[in-house]
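Numbering (the working numbering), first residue to last: 1025 to 1282. Ideal Cβ placement from N, Cα and C applies to all residues, glycine included. Computed from a predicted model, the values in this text were never measured in an experiment. Report on the structure given below.
Listed below in structure tokens is the structure:
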């Protein structure tokens, strides 16, 4: 075998080895492993949760300096669904190789957030810079356990109420019948009781305005002058969208002169 042929074979083998080592190096160079909690696309995250980024190996700042809590504030980003920055404190745990991000105050319930580690801010033990990391999550929706309540007008203790004035009960949220039926002027009649100062039932009409979430009560005729009345809303007959049922309410007022 000629020297030239041996030389060409040697060049070919060397090229293959070089290509193989470069491929392995490229694979290792991009082998950044960073776990995030909460994970990307997580839902039902507690509003008081902290965010943790954990690295699989030793990391330093891109300028080869040690990571500090202060340096993290200019590296890690936390924003809400409107891309507004969320203030936070950050702690670096060198032993655990983790960054703990603690939002200042609780996050808002039922909102989306995104944590980002921009590219080329850190380097690993091989000197390779990090790729960009971004994870989004959504916090739990607020839990409604407050019973629906109406604002009653005239208010309790009101005096000199006009004889033509109606009584209104307005709710701050959507309400339906606790039985599951539709709330309407027809079905609302049994929700309210109207009595005079002697405790006698006063004939009246009840109407329901869905858009205003309002019950309106009017006596058949007018209020008698200088007379006390009491309007009562029965409890347990209405519920909000979360299934909370209403408590009983009542209000007394006195009519004025003719």
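Item, Value
"Distance, residue 1131 Cα to residue 1274 Cα", "38 Å"
"Other residues of its chain near residue 1190: CB distance less than 6 Å, five sequence neighbours each side excluded", "1240 and 1242"
"Sub-9 Å separation of residue 1263 and residue 1269 beta-carbons", "yes"
"Assigned exposure category for residue 1279 - 16 Cβ within 10 Å defines buried", "buried"
"Candidates 1118, 1246, 1107 and 1106: closest to residue 1187 by CA position", "1246"
"Contact check, residue 1091 vs residue 1142, beta carbons under 9 Å", "no"
"Which residues DSSP lists as bridging residue 1264, in chain order", "1199"
"Option nearest residue 1226 by Cα separation, candidates 1253, 1064 and 1111", "1253"
"For residue 1160 and residue 1064, believed in contact at Cβ under 8 Å, the rounded distance", "6 Å"
"C-alpha gap between residue 1248 and residue 1281, whole angstroms", "8 Å"
"Simplified DSSP state of residue 1072, which is helix, strand or coil", "coil"
"Sequence-distant residues of the same chain with beta carbon closer than 8 Å to residue 1134, five excluded per side", "1162, 1163, 1164, 1165 and 1166"
"Residues bridged to residue 1239 [DSSP beta-bridge criterion]", "1193 and 1232"
"Alpha-carbon spacing of residue 1093 relative to residue 1116, whole angstroms", "6 Å"
"Reference residue 1145; option with closest CA among 1083, 1180, 1119 and 1183", "1083"
"Assigned exposure category for residue 1168 - 16 Cβ within 10 Å defines buried", "exposed"
"6 Å Cβ shell around residue 1109 - same chain, five flanking residues per side excluded", "1103"
"Neighbourhood of residue 1271 by C-beta distance below 6 Å, restricted to the same chain and skipping five residues each side", "1171 and 1259"
"Separation of residue 1120 from residue 1077, as counted between CA atoms", "10 Å"
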